[in-house]
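Protein sequence lines correspond, in order, to chains A and B.
Residue numbers for the first sequence follow full-length UniProt numbering, so the first one is 1 and each next one is one higher.
Residue numbers for the second sequence follow full-length UniProt numbering, so the first one is 1 and each next one is one higher.
Report on the following structure.
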Amino acid sequence: MKRSASENFGQILIVLLLALLCVSVLYPFIYMLAISLNVGSDAAKGGVYLWPRHFTWDNFNVVLGNAVIRHAFGITVIRTLVGTASGLLITLLAAFGLSYRSLPLRGTLLGYVLITMLFNGGLIPFYIQLHQLHLLNSFWVYIVPTAFSAWNMFVMMKFIIGIPEALIESAELDGASPLRILWSVIVPLSKPMLAAIGLFTGVMHWNDWFAGAFYVSDQNLIPVQTFLQQLLSAQDLASVLGSNNNVEALVRGTVLTNITLMSIKMATVMVSAIPILCVYPFLQRYFVKGVLIGSVKG
Amino acid sequence: MLARVAKYRWQYMMIAPAVILLFLFSYMPMAGIQVAFKDFHIGYTIWNSPWVGLENFSFLQDDQFWVVVKNTLWIAILKFVFGFPAPIALALMINELRHSGFKRFVQSVSYLPHFFSWIVVAYILQSMLTLDGGLVNNFIKDLGGEPIFFLGSTEWFRPMVVASGLWKEVGWNTILYLAAITTIDPQQYEAARVEGAGRWAQMRHITFPGILPTVSIVLILSMPGLIAVGMDQIYPLMNPANQPVADVLDTYVLRNGLQQGYFGVATAIGLLSSVISLLLVLITNQTARKINGEGLW
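In structure tokens:
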């Protein structure tokens, strides 16, 4: 088909604008990676834009060798795994139970869930409740309060209701209990939906810094995002590295003169960002589907 | 009735954990709103602390509070003015791309920042803008200019928040619009082409009207969050130098409540902002009903 000159010009303009957008998204990561792989004192002179000028693993060695940072990563990984698994389980159980249209009191129960999506008590009453339940300063503050998500429940329920009832009825005729039906009929058919919701839940846990900053005061319980939040305003390396023997040994060597606060910060951020960058391409087909399942009106 | 309930005992057992969790973490905090009218200290419960009437609402006479309200409104309005139309424009542009490989690439890349935390965003801003060794200031110095203290500046704070918010979410927010575009009947475009309509005319008269219902739903759904301007985003960027413009209702509640222990006052402020949010939802829903003939409920 013939296109007019103005349409071709428009197409070029759009391509340029969108290419610029892609660069603005990707460039900061390239820059931070370059800085984190460059000798800190050298990077501080400026001029490192795309790739390291004076390559070194020192920054990553210090970050990965530091017990405080390693511990924070451990907390993040455990809370992401436990939080995603328990969140999916509890939400899916409720969604399946509520998908039975003939369930007595179903409307009341749905209303009970819906109200929590429209109103909430706010931060302070929530905090007081965490205090009353002795969840403050405990690992479980990351898991228990977010184990049920009303929003995800409605998405799951809508998906389950869309599964042909004949499949469930034939399993019932075979004498399967509801739990059995959930496990061997519903779950296999809901994999894309579970993958999408699992992905969102996992990302939420991986990225949450707030709970670690305000509901926990024990440094041994903070996840890596809270560690990064504390590090953001750090003024010197000592506060970052703590008094860890391994690091002291490293720092006492030649490394001390070469690493800077900025190079360590960039290495830590990259370590927290790289897992997301790695899984992102594989999970992409699930999350678009996930957003769309959840968004259909009604 | 009892027999029917017994028949569904498995289903009730499956729903029970959710009901208990909602009671503990949603309904109990709602009951805790009474703290706004009480003198609460750690050690009391929400039930046995003494009533103090409206004493906790004395923040309404505090000048600092009104500065915080002004800051919140500024950021809310700026974020809305830039953040609401941007994904619509981006979706329309992505839809115009002819090369499908590049189209998929743009989508993948633009969704990416949504998956990083606001802390990572704060680090990106720091690495770009800091005085000692930030990319932008190095660049300014190379050009012979005076470095700018972006991170601790009251003028640059709002643009920084709006721009970084756009950077993180604009791509993600196109998903709904792009999905709406795919549901438009292709015959409409064909008919338009037969009548000689160019790409621009097709976008204006078919694509854009086609996504308008989605636009209005997104508009309504964004209202309750309007004055919740994003503590996750703002708190990491706030420092003593930019606090005069950076302090918003959420950070004010956080400081008064969790950091200084004025639980009653902080709850009262939180209550006030929830009420405003609720009013915004109701007003928008009414307006949408008048314009579209239907609201969300």
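We put the CB at the ideal spot given by N, CA and C, even for glycine.
Since this is a predicted model, take the numbers as computed values, not measurements.
Own chain, CB closer than 7 Å to residue i, minus 5 neighbours either side, in chain order
{"i": "A/G298", "result": "Confidence at A/G298 is low in this model, with a pLDDT of 32, below 50, so its placement is unreliable and the value that follows should be read with caution. Counting only Cβ-Cβ distances below 7 Å, and skipping sequence neighbours, we find nothing."}
{"i": "B/L131", "result": "N137, P147, F149"}
{"i": "B/A3", "result": "none"}
{"i": "B/T72", "result": "I227, V229, V248, L249"}
{"i": "B/L279", "result": "none"}
{"i": "A/V296", "result": "Note that A/V296 has pLDDT 49, beneath the 50 cutoff, so the model's placement of it is unreliable and no number is given."}
{"i": "residue 354 of chain A", "result": "Summary: the structure shown does not reach residue 354 of chain A, with chain A confined to residues 1 through 298, and so no result is reported for it."}
Beta-carbon gap between residue i and residue j smaller than 8 Å
{"i": "residue 298 of chain B", "j": "B/I46", "result": "Look at the range of chain B in this structure, 1 to 297, and you will see that residue 298 of chain B is not part of it."}
{"i": "B/A228", "j": "B/A36", "result": "no"}
{"i": "A/I197", "j": "A/M156", "result": "yes"}
{"i": "A/G121", "j": "B/I276", "result": "no"}
{"i": "B/I88", "j": "B/Y189", "result": "no"}
{"i": "B/V162", "j": "B/Q233", "result": "no"}
{"i": "A/A273", "j": "B/V120", "result": "yes"}
{"i": "B/L22", "j": "A/V113", "result": "yes"}
{"i": "A/I128", "j": "B/F263", "result": "yes"}
{"i": "B/Y123", "j": "A/V269", "result": "yes"}
{"i": "B/T284", "j": "B/L219", "result": "yes"}
{"i": "A/M262", "j": "B/G144", "result": "no"}
{"i": "B/A18", "j": "A/F148", "result": "yes"}
{"i": "A/P188", "j": "B/P29", "result": "no"}
{"i": "B/V5", "j": "A/P104", "result": "yes"}
{"i": "B/Q202", "j": "B/A192", "result": "yes"}
{"i": "B/V245", "j": "B/F102", "result": "no"}
{"i": "B/G210", "j": "B/A179", "result": "no"}
{"i": "B/Q112", "j": "A/Y280", "result": "Note that residue 112 of chain B corresponds to Leu in the displayed sequence, not to Gln. Yes, the Cβ-Cβ distance between B/L112 and A/Y280 is below 8 Å."}
Beta-carbon proximity list for residue i, same chain, < 6 Å, skipping 5 on both sides
{"i": "B/Q286", "result": "none"}
{"i": "B/I42", "result": "none"}
{"i": "A/I69", "result": "V63"}
{"i": "residue 311 of chain B", "result": "The shown model of chain B, from 1 to 297, leaves out residue 311 of chain B, and the question about it has no answer."}
{"i": "A/T80", "result": "G202, H205, W206"}
Proximal residues of chain A, C-beta to C-beta of residue i below 9 Å
{"i": "residue 312 of chain B", "result": "In the structure as shown, chain B starts at 1 and stops at 297, and residue 312 of chain B therefore has no counterpart that could be examined."}
{"i": "B/T45", "result": "I128, Q132"}
Closer than 8 Å at the beta carbon, the chain B residues around residue i
{"i": "A/I90", "result": "P17, A18, L21"}
{"i": "A/V155", "result": "The premise fails here: A/V155 is roughly 14 Å from chain B at the closest Cβ pair, so nothing lies under 8 Å."}
{"i": "A/C22", "result": "F105, V106, V109, S110"}
{"i": "A/Y112", "result": "V19, L22"}
Residues of its chain near residue i, where Cβ-Cβ distance is below 8 Å and the 5 sequence neighbours each way are ignored
{"i": "B/H114", "result": "K168, E169, G171, W172"}
{"i": "A/D208", "result": "Y142, P223, Q225"}
{"i": "A/N8", "result": "none"}
{"i": "A/L221", "result": "I75, N137, S138, F139, G212"}
{"i": "A/K289", "result": "P192, M193, A196"}
{"i": "A/V218", "result": "Residue identity check: residue 218 of chain A is Asp in the sequence provided, not Val. Correct list, in chain order: N137."}
{"i": "B/Q126", "result": "G134, L151"}
{"i": "A/F287", "result": "A196, L199, F200"}
Contacts that residue i makes with chain B (C-beta to C-beta distance below 9 Å)
{"i": "A/T116", "result": "L22, F25, S26, Y27, M30"}
{"i": "A/E165", "result": "By Cβ distance, chain B contributes nothing, its closest Cβ being about 15 Å from A/E165, past 9 Å."}
{"i": "A/Q219", "result": "Under the 9 Å cutoff, chain B gives no residues; its nearest Cβ is about 17 Å from A/Q219."}
Chain-ordered neighbours of residue i on chain A, where CB pairs are closer than 7 Å
{"i": "B/L5", "result": "The question names Leu, but residue 5 of chain B in the sequence shown is Val. Per Cβ cutoff of 7 Å: P104."}
{"i": "B/A122", "result": "L232"}
{"i": "B/R98", "result": "Q11"}
{"i": "B/D232", "result": "F210"}
Where residue i meets chain A, residues with beta-carbon distance less than 8 Å
{"i": "B/D39", "result": "Simply none; closest approach about 13 Å."}
{"i": "B/R204", "result": "Correct list: empty, because the minimum Cβ distance to chain A is about 13 Å."}
Neighbouring residues, chain B, relative to residue i (Cβ below 7 Å)
{"i": "A/S170", "result": "Per Cβ cutoff of 7 Å: no residues; A/S170 is ~18 Å from chain B at best."}
{"i": "A/K158", "result": "Result: empty, since nearest Cβ-Cβ is about 16 Å, beyond 7 Å."}
{"i": "A/Y142", "result": "Within 7 Å Cβ-Cβ: nothing; A/Y142 doesn't reach chain B, min ~13 Å."}
{"i": "A/W209", "result": "S117, I119"}
{"i": "A/K191", "result": "Within 7 Å Cβ-Cβ: nothing; A/K191 doesn't reach chain B, min ~20 Å."}
{"i": "A/P145", "result": "F25"}
{"i": "A/G46", "result": "G133, N138"}
Near the ligand NAD: residue i beta-carbon under 7 Å from a heavy atom
{"i": "A/Y286", "result": "The ligand content of the structure shown is nil, which means the ligand NAD is not present either."}
Beta-carbon neighbours of residue i, restricted to chain C and to distances below 7 Å
{"i": "A/F96", "result": "Absent from the structure: chain C. Protein chains present are A and B."}
Which full runs of the beta strand (DSSP E) of 3+ residues lie inside the region 130-214 of chain B, going along the chain? none
How do the region 87-96 of chain B and the region 11-25 of chain A stand: do at least 3 beta-carbon pairs fall below 8 Å, yes or no? Yes: at least three Cβ pairs fall under 8 Å.
Which parts of the region 111-151 of chain A are runs of the alpha helix (DSSP H), unbroken and 4 residues or longer, counting only runs that do not cross its ends? 123-132
Determine, using beta-carbon pairs with one atom in the region 126-133 of chain A and one in the region 85-100 of chain A, whether at least three such pairs fall under 8 Å. no
With a cut-off of 8 Å, do at least 3 Cβ pairs link the region 79-88 of chain B to the region 252-260 of chain B? no
Cβ pair count under 8 Å reaching 3, the region 40-58 of chain A against the region 182-202 of chain A: No, the region 40-58 of chain A is not in contact with the region 182-202 of chain A.
Runs of alpha helix (DSSP H) wholly within the region 98-131 of chain B (minimum 4 residues, chain order): 100-111, 118-129
Jot down the residue ranges of each uninterrupted alpha helix (DSSP H) in the region 57-113 of chain A, minimum 4 residues, whole runs only, in chain order. 58-65, 67-98
In chain order, each alpha helix (DSSP H) run of at least 4 residues that lies wholly inside the region 238-287 of chain B: 243-246, 249-254
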